[in-house]
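2 protein chains.
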Amino acid sequence: MHPLPKIPKEEIESRLGRFQDFLQQAGIDGALITQNIDLYYLTGTMQNGVLFVPSSGEPCLYVKKSVERAKFEASVAVEEMGRFKELGEKLKARFRNGKRLGIEMDVLPYGLAMRYLRFFPEAEPVDISFSLRQQRAVKSSYEIEQLKEAAKMVHQVIESLPKMIRPGVSELELAANIEYQLRKMGNYGLYRMRAYNQELVLGMVASGAAAATPTYFDGPAGGLGLSTAHPQGASRKILAVGEPILVDISSVWEGYIVDQTRLVVIGDLEKDLEQAYQVARQILKEVEQMGKPGVAWQDLYLRACEMVKEEGLEKHFMGYCADQARFLGHGVGLELDELPVLAKGFDQPLEEGMVIAIEPKFTFPQRGVVGIENTYLVTKNGLEAITFASEEIIRLDL
Amino acid sequence: MHPLPKIPKEEIESRLGRFQDFLQQAGIDGALITQNIDLYYLTGTMQNGVLFVPSSGEPCLYVKKSVERAKFEASVAVEEMGRFKELGEKLKARFRNGKRLGIEMDVLPYGLAMRYLRFFPEAEPVDISFSLRQQRAVKSSYEIEQLKEAAKMVHQVIESLPKMIRPGVSELELAANIEYQLRKMGNYGLYRMRAYNQELVLGMVASGAAAATPTYFDGPAGGLGLSTAHPQGASRKILAVGEPILVDISSVWEGYIVDQTRLVVIGDLEKDLEQAYQVARQILKEVEQMGKPGVAWQDLYLRACEMVKEEGLEKHFMGYCADQARFLGHGVGLELDELPVLAKGFDQPLEEGMVIAIEPKFTFPQRGVVGIENTYLVTKNGLEAITFASEEIIRLDL
Numbered sequence: 001m002h003p004l005p006k007i008p009k010e011e012i013e014s015r016l017g018r019f020q021d022f023l024q025q026a027g028i029d030g031a032l033i034t035q036n037i038d039l040y041y042l043t044g045t046m047q048n049g050v051l052f053v054p055s056s057g058e059p060c061l062y063v064k065k066s067v068e069r070a071k072f073e074a075s076v077a078v079e080e081m082g083r084f085k086e087l088g089e090k091l092k093a094r095f096r097n098g099k100r101l102g103i104e105m106d107v108l109p110y111g112l113a114m115r116y117l118r119f120f121p122e123a124e125p126v127d128i129s130f131s132l133r134q135q136r137a138v139k140s141s142y143e144i145e146q147l148k149e150a151a152k153m154v155h156q157v158i159e160s161l162p163k164m165i166r167p168g169v170s171e172l173e174l175a176a177n178i179e180y181q182l183r184k185m186g187n188y189g190l191y192r193m194r195a196y197n198q199e200l201v202l203g204m205v206a207s208g209a210a211a212a213t214p215t216y217f218d219g220p221a222g223g224l225g226l227s228t229a230h231p232q233g234a235s236r237k238i239l240a241v242g243e244p245i246l247v248d249i250s251s252v253w254e255g256y257i258v259d260q261t262r263l264v265v266i267g268d269l270e271k272d273l274e275q276a277y278q279v280a281r282q283i284l285k286e287v288e289q290m291g292k293p294g295v296a297w298q299d300l301y302l303r304a305c306e307m308v309k310e311e312g313l314e315k316h317f318m319g320y321c322a323d324q325a326r327f328l329g330h331g332v333g334l335e336l337d338e339l340p341v342l343a344k345g346f347d348q349p350l351e352e353g354m355v356i357a358i359e360p361k362f363t364f365p366q367r368g369v370v371g372i373e374n375t376y377l378v379t380k381n382g383l384e385a386i387t388f389a390s391e392e393i394i395r396l397d398l
Numbered sequence: 001m002h003p004l005p006k007i008p009k010e011e012i013e014s015r016l017g018r019f020q021d022f023l024q025q026a027g028i029d030g031a032l033i034t035q036n037i038d039l040y041y042l043t044g045t046m047q048n049g050v051l052f053v054p055s056s057g058e059p060c061l062y063v064k065k066s067v068e069r070a071k072f073e074a075s076v077a078v079e080e081m082g083r084f085k086e087l088g089e090k091l092k093a094r095f096r097n098g099k100r101l102g103i104e105m106d107v108l109p110y111g112l113a114m115r116y117l118r119f120f121p122e123a124e125p126v127d128i129s130f131s132l133r134q135q136r137a138v139k140s141s142y143e144i145e146q147l148k149e150a151a152k153m154v155h156q157v158i159e160s161l162p163k164m165i166r167p168g169v170s171e172l173e174l175a176a177n178i179e180y181q182l183r184k185m186g187n188y189g190l191y192r193m194r195a196y197n198q199e200l201v202l203g204m205v206a207s208g209a210a211a212a213t214p215t216y217f218d219g220p221a222g223g224l225g226l227s228t229a230h231p232q233g234a235s236r237k238i239l240a241v242g243e244p245i246l247v248d249i250s251s252v253w254e255g256y257i258v259d260q261t262r263l264v265v266i267g268d269l270e271k272d273l274e275q276a277y278q279v280a281r282q283i284l285k286e287v288e289q290m291g292k293p294g295v296a297w298q299d300l301y302l303r304a305c306e307m308v309k310e311e312g313l314e315k316h317f318m319g320y321c322a323d324q325a326r327f328l329g330h331g332v333g334l335e336l337d338e339l340p341v342l343a344k345g346f347d348q349p350l351e352e353g354m355v356i357a358i359e360p361k362f363t364f365p366q367r368g369v370v371g372i373e374n375t376y377l378v379t380k381n382g383l384e385a386i387t388f389a390s391e392e393i394i395r396l397d398l
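Right, dumping it as structure tokens:
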């Protein structure tokens, strides 16, 4: 039907196998998967449909549109969804007399959930999102390959920043040029996020006071943005000499997202901002050494907080005062906000195959944001950077 | 705090007033608004928070991040959200002994809805989404101004298509160039959609067989896309002589989206495709005449279906056979998939101030998609096009 590469069949079988293992261990009789990313991860296609995964036996994807494309792309059985009531009959037959039904409570809209749950009046709905996200956090070699391709794309952009940045260029023009370069390489142009109401265009390409403008975005850098309707990231502000220019950007290859930040300055940074940047680098070096299978997610964040305190930079870490984000890093993959979350309260262990963007940053109101970010793979020997640009500040002559 | 234009205070007051009128008429004691677009529409800010709107009295926006920015931008009272439990106490106090609580059932995730509803164990949840979307469908003069700005942006792109299109250029390169041009004008780069699992990058810039590849997207044109993880819109296919090149693109200004489609061909189209394009134009002319306040939304679709039948093009209309979309047009505004929907079953009347993208299209498997789209304002005298490019096929020399 079409020439696009498909996710290998064995990959899908292995993912489904692991998910069914989880269902069995958790005493969940079957799960109804509805969100496009979860569907893609478990079937190999992102067509409009719902996937029923029994705790044992064959899963089935019920598709509304396009059945033809889903049949071609998916590595699971595909059936036409038909009318909603018919779907209900089919699902009930599959669930048999199951007692506990898994659903994605963090993304499935309430109204749609209620319609599905009416098919199973005897069943207890159970949230499977966190567990599926935990499974997705551990990447296969196929997934790591795609992430490494994405990292090459973002690296090319970092390399060409000196050609794009000069006084008089606006944040918007810089963002436009970065997006253009990425897009021609095959970047999707949309960075999927799972959290309700979160969205991202490219990342945070922002400078000086504009970068320090607080936002709703659940991350360390904010950004003035283009309007109150687009209140984050690049604005129309003109890049100026001596201010921190934060280039926090992502790229996407075959659905997989990599995240990286570098800092640029035209001329020289003020001393305290330069020092804060060096603290961010030290934090990165420190947690690079700590990050090994078995270490708790929160330990990296807590260690960073200690180092920040020693430097007296608590007010500035990951946003300013009331607008601080309370984490040090996040998993990346098919979504930008994957597990693990490096934050207090998460005592789960790092596992081999997890991929994490770690991004220590400091915000100085009216002056800017400084910091650095790499994406890392957790290997049995520790963290291995997937992004590979120089970690020095990119200094441009006046 | 920042120099971005704000939505006029009177505009927000009028929106809230209309929404409270609806709550009173529907016997709903208060509504909890959570989705970023609805929040922006009713408050003027898109910060992370929830808005409580009582059926009468002062609404209050409870903000998590950024309180400072929300206070600056919003035209309603803003309070710090605090911990989730504290939010519950505040909301309960506001709701008093209300019986019916409005929530956005089409977008609010199930898990979050359950957490909110636990604050109101006695209350009956009621879906307010459709009514709020009906209100939002009728645009104010402020909103129409923003939409007209967006239309100017997309018009500039249409004008420069002849410079961007030639044999050997890929769909991806063409999309990249269009996005780059729009972005430099201040385009946001993200086209918000309300429907679960729907997303869009730019639109459908697609040619020949690739354009006719069916997708999950709830629209007439599909597109091969870049991968099974990005299965719609522009692909790496090279533009060729004699095939239809569909340029279905959107632009965003101050959050407001306009949608337009034009058809390009290098050399000549085959006769039946050319004829189908002319039928699409005739449908557009016909519904342009019909579209007046008081006419049912579905009437425009049903009339189009009649005309399609007369031409024997039923199999090709709005997608091919099983993969047809069953509508002729959709409202646009802060979201791309607003009301009204021009589709069977919607007997609600058109109203002055509604803004609708009407997009008759025909899909020919292996050969391409032809069609046209304008965005219209419903005035008391009928439809007035907001998009204003020539409706002829854009014919380029070999």
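Here the protein sequences line up with chains A and B, keeping their order.
Numbering follows the UniProt record's numbering, with no gaps: position 212 of the first sequence is 212.
Numbering follows the UniProt record's numbering, with no gaps: position 181 of the second sequence is 181.
Glycine is no exception: its CB is placed at the ideal position from the N, C-alpha and C atoms.
Predicted, not measured: the structure shown is a model, and the values here were computed from it.
Rounded to whole angstroms, what is the Cα-Cα separation between residue i and residue j?
i                          : j                       : result
glutamine 275 (chain A)    : valine 201 (chain B)    : 39 Å
glutamine 146 (chain B)    : glycine 222 (chain A)   : 25 Å
glutamine 282 (chain B)    : glutamine 289 (chain B) : 11 Å
phenylalanine 52 (chain A) : glutamine 135 (chain A) : 18 Å
alanine 304 (chain B)      : leucine 342 (chain B)   : 10 Å
histidine 316 (chain A)    : arginine 100 (chain A)  : 46 Å
valine 78 (chain B)        : glutamate 351 (chain A) : 42 Å
arginine 15 (chain A)      : isoleucine 33 (chain A) : 14 Å
Since residue i and residue j should fall inside the 8 Å C-beta cutoff, what is the C-beta to C-beta distance between them, to a whole number of angstroms?
i                        : j                       : result
glutamate 359 (chain A)  : glycine 345 (chain A)   : Wrong, their Cβ atoms sit about 19 Å apart, outside the cutoff.
methionine 46 (chain A)  : valine 63 (chain A)     : Going by Cβ atoms, the distance from methionine 46 (chain A) to valine 63 (chain A) rounds to 11 Å, so no, they are not a contact pair.
glycine 30 (chain B)     : glycine 98 (chain B)    : 5 Å
arginine 194 (chain A)   : glutamate 335 (chain A) : 5 Å
isoleucine 356 (chain A) : valine 378 (chain A)    : 7 Å
valine 265 (chain A)     : glycine 233 (chain A)   : Actually they do not touch by this definition, with Cβ atoms about 20 Å apart.
aspartate 323 (chain B)  : lysine 9 (chain A)      : Not a contact, Cβ separation roughly 25 Å.
serine 227 (chain B)     : leucine 117 (chain A)   : Wrong, their Cβ atoms sit about 33 Å apart, outside the cutoff.
glycine 88 (chain B)     : alanine 209 (chain B)   : No, glycine 88 (chain B) and alanine 209 (chain B) are not in contact; Cβ-Cβ is about 55 Å, not under 8 Å.
glutamine 20 (chain B)   : serine 56 (chain B)     : 6 Å
histidine 2 (chain A)    : leucine 224 (chain B)   : 6 Å
Specify, as a first and last residue, the run of the alpha helix (DSSP H) that residue i falls within.
i                          : result
isoleucine 37 (chain A)    : 36-43
leucine 339 (chain B)      : Looking at the DSSP string, leucine 339 (chain B) is not in any alpha helix (DSSP H); the run it does join, the beta strand (DSSP E), is 338-342.
residue 409 (chain B)      : The requested residue 409 (chain B) does not occur in the structure, where chain B is confined to residues 1 to 398.
tyrosine 180 (chain B)     : 171-184
phenylalanine 19 (chain B) : 9-25
Tell me the residue span of the beta strand (DSSP E) that contains residue i.
i                        : result
proline 125 (chain A)    : 124-127
cysteine 60 (chain B)    : 60-65
glutamate 352 (chain A)  : First-last for glutamate 352 (chain A): undefined, no H or E at that position.
leucine 263 (chain B)    : 256-266
aspartate 54 (chain B)   : In the sequence as displayed, the identity of residue 54 (chain B) is proline instead of aspartate. That run of the beta strand (DSSP E) goes 48-54.
arginine 395 (chain A)   : 394-396
glycine 329 (chain A)    : 329-331
isoleucine 386 (chain A) : Element bounds for isoleucine 386 (chain A): n/a, residue is neither H nor E.
Out of the options, which has the shortest C-alpha to C-alpha gap to residue i?
i                        : options                                   : result
threonine 375 (chain A)  : A:His2, A:Gln35, A:Val287 and A:Asp299    : A:Val287
proline 293 (chain A)    : A:Glu254, A:Gly242 and A:Gly353           : A:Gly353
glycine 49 (chain B)     : B:Ser227, B:Asp38 and B:Gly57             : B:Asp38
asparagine 177 (chain B) : B:Glu199, B:Ile238 and B:Ser160           : B:Ser160
glutamate 122 (chain A)  : A:Phe95, A:Lys309, A:Phe317 and A:Ala240  : A:Phe95
glutamate 171 (chain B)  : A:Val169, A:Tyr188 and A:Pro167           : A:Tyr188
lysine 184 (chain B)     : A:Lys184, A:Tyr191, A:Leu174 and A:Arg183 : A:Leu174
valine 67 (chain A)      : B:Pro340, B:Phe217, B:Gly255 and B:Thr261 : B:Phe217
aspartate 268 (chain A)  : A:Ile249, A:Gly255 and A:Val241           : A:Val241
asparagine 36 (chain B)  : B:Glu13, B:Leu108 and B:Arg83             : B:Leu108
glutamate 11 (chain B)   : B:Met114, B:Tyr142, B:Leu273 and B:Glu199 : B:Tyr142
leucine 190 (chain A)    : A:Val332, A:Cys60 and A:Ser251            : A:Ser251
Exercise. Kindly provide the ranges of any alpha helix (DSSP H) runs that are 4 or more residues long and lie completely inside the segment 193-244 of chain A, ordered along the chain.
Key: 208-211
Exercise. Return the chain-ordered ranges of every alpha helix (DSSP H) run that is complete within the segment 268-312 of chain A and spans a minimum of 4 residues.
Key: 271-290 and 297-310
Self-check item: Minimum length 3: unbroken beta strand (DSSP E) runs contained in the segment 95-149 of chain B
Solution: You should have 100-103 and 124-127.
Quiz item: Between the segment 326-339 of chain B and chain C, which residues of the former have CB atoms less than 9 Å from a CB of the latter, in chain order?
Solution: Included in the structure are the protein chains A and B, with no chain C among them.
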